[in-house]
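Single-structure report; data block below.
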Amino acid sequence: KHRIEDAVSTTKAAIEEGVVPGGGVALLRAQTNILDRAEKLEGDEATGARMVAKAVESPLKQIAENAGLEGGVVVERVRNLKKPAEGLNAATGDYEDLFDAGVIDAAKVTRSA
């Protein structure tokens, strides 16, 4: 019952705000923007922003490790892919366009994470 409720809730969120590439890629892509903003901050605010920038690597890193891969290596490889929607498809082990592969997350859910 809870899985169905979660699916319905996520579907509603996707309808409201759209979807982003899944597998932690959208969060990793936000890292550059976070670091750019951190440069304009000072003291504790700058430190906090840098901590958030580091933390957004964690979902992709954990997904990679759960798939039996080295998380840090996967993060660097995804960071260097050309297209913003490209990332690791953990189900296949391929690096590909995650929209085309159907690996997506609701933008609202990702934004709220």
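Residue numbers (the numbering used here): 224 to 336.
Yeah, the Cβ is synthetic: ideal placement off N, Cα and C, and Gly gets one too.
Secondary structure of residue 268 (DSSP, three-state): helix.
The Cβ neighbour count for residue 291, taken over all protein chains shown within 10 Å, is under 16; the residue is labelled exposed.
Taking a cut-off of 8 Å on C-beta distances, the segment 302-311 touches the segment 235-247, as three or more cross pairs fall below it. Here the alpha carbons of residue 231 and residue 320 stand approximately 25 Å from one another. Secondary structure at residue 228: helix, using DSSP grouped into helix, strand and coil. With a cut-off of 8 Å on Cβ pairs, the segment 259-266 is not in contact with the segment 288-305, counting fewer than three such pairs. By the beta-carbon neighbour count (other beta carbons within 10 angstroms, threshold 16), residue 259 is exposed. Take the alpha-carbon of residue 328 and the one of residue 237: they are about 8 Å apart.
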